[in-house]
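Notes follow the structure.
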Amino acid sequence: MIKILEMDDVHTLGFRVDGKLDRADVKRIFDSFEKSLREKEDIKIYMEIENTNLGDISAGAYKEDIKFWLRHPALLPYFRKAALVTDSAWIERIFAIECALIPTLEGEGFPFEEKDEALKWLRTDQRAESRMDITY
Numbered sequence: 000m001i002k003i004l005e006m007d008d009v010h011t012l013g014f015r016v017d018g019k020l021d022r023a024d025v026k027r028i029f030d031s032f033e034k035s036l037r038e039k040e041d042i043k044i045y046m047e048i049e050n051t052n053l054g055d056i057s058a059g060a061y062k063e064d065i066k067f068w069l070r071h072p073a074l075l076p077y078f079r080k081a082a083l084v085t086d087s088a089w090i091e092r093i094f095a096i097e098c099a100l101i102p103t104l105e106g107e108g109f110p111f112e113e114k115d116e117a118l119k120w121l122r123t124d125q126r127a128e129s130r131m132d133i134t135y
């Protein structure tokens, strides 16, 4: 089941996945992506995932995921940052792989006890902190 979370930042989409995930759930996520991208130039994602095992994700959910990205590969650069909150090691590993495959996406995983840190991290611009000042 998926729940869309209210977020403080208009550029951030929030989701909570708990238990089974089916095609309709994944479609709701992608509908949110498409709607948000029509209104904004980039997106940050906050996602909480708990009580979800590999077997809880339906074949239809995987199919919807693949279908969306095959149809909209040009949307990938608009996803700038993603914070994943989970206590599941396998989900965090998959997330790390996804972040490595999407060069424009800066992603970070957090355990549930650090939810507030995840939100704080999502709000900050780490690139601004690491920029070199070359002005005289």
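Under numbering that gives the first Met the number 0, the residue at position 43 of the sequence shown is numbered 42, and the numbers go up by one with no gaps.
Beta carbons: idealized from backbone N, C-alpha and C, even for Gly.
For clarity, every value in this text was computed on a predicted model and none was experimentally measured.
- Message: As an exercise, report each continuous beta strand (DSSP E) stretch of at least 3 residues that is fully enclosed by the stretch 17–96, in chain order.
- Response: Entirely contained in the stretch 17–96, the beta strand (DSSP E) runs reaching 3 residues are, in chain order, 42–49, 78–85.
- Message: Spatial neighbours of R130 within its chain, please: C-beta separation below 8 angstroms, excluding the five flanking residues on both sides.
- Response: In the sequence shown, residue 130 corresponds to position 131, counting from 1. In this predicted model, R130 has a pLDDT of only 48, less than 50, meaning its place in the structure is not dependable enough to derive any value.
- Query: Do you know offhand how far E38's Cα is from T11's?
  - Reply: Here residue 38 refers to the residue found at position 39 when the sequence shown is read from its first residue. Here residue 11 refers to the residue found at position 12 when the sequence shown is read from its first residue. Roughly 12 angstroms between the two C-alpha positions.
- Task: Determine the DSSP secondary structure at E5, reduced to helix, strand or coil.
- Result: In the sequence shown, counting from the first residue as 1, residue 5 sits at position 6. Coil, per DSSP.
- Query: Are the stretch 21–29 and the stretch 57–72 in contact at 8 angstroms, needing three or more beta carbon pairs?
  - Reply: yes
- Residue span of the alpha helix (DSSP H) that contains E116, given as start and end: Walking along the sequence shown from the start, residue 116 turns up at place 117. Element bounds for E116: 114–122.
- Three-way DSSP call (helix, strand, coil) for L104 in this model: The count along the sequence shown starts at 1 and reaches residue 104 at position 105. Of the three classes helix, strand and coil, the one that applies to L104 here is coil, per DSSP.
- Message: Applying the 10 Å Cβ sphere with the 16-neighbour rule, what's the burial state of T103?
- Response: As a position in the sequence shown, residue 103 is number 104, starting the count at 1. It is exposed - the Cβ of T103 has fewer than 16 other Cβ atoms within 10 Å.
- Query: Would you report the Cα separation of I48 and G106, rounded to the nearest angstrom?
  - Reply: Stepping through the sequence shown from its first residue, residue 48 is reached at position 49. Stepping through the sequence shown from its first residue, residue 106 is reached at position 107. When rounded, the distance between both Cα atoms is 15 angstroms.
- Task: To the nearest angstrom, report how far apart G59 and D41 are at their CA atoms.
- Result: Residue numbering aside, residue 59 sits at position 60 when the sequence shown is read from its first letter. Residue numbering aside, residue 41 sits at position 42 when the sequence shown is read from its first letter. Whole-angstrom Cα-Cα distance: 27 angstroms.
- Task: Using a Cβ cut-off of 8 angstroms (strictly closer), state whether Y61 contacts chain C.
- Result: No chain C appears in this structure, which consists of one protein chain only.
- Message: Excluding the 5 residues flanking I56 on each side, which residues of the same chain have their C-beta closer than 7 angstroms to its C-beta?
- Response: In the sequence shown, residue 56 corresponds to position 57, counting from 1. Hits under 7 angstroms: L20.
- Query: From F32 to P110, what distance separates their C-alpha atoms?
  - Reply: Position 33 of the sequence shown, counted from the start, is the residue given in the question as residue 32. Position 111 of the sequence shown, counted from the start, is the residue given in the question as residue 110. If you take the alpha carbons of F32 and P110, they lie about 24 angstroms apart.
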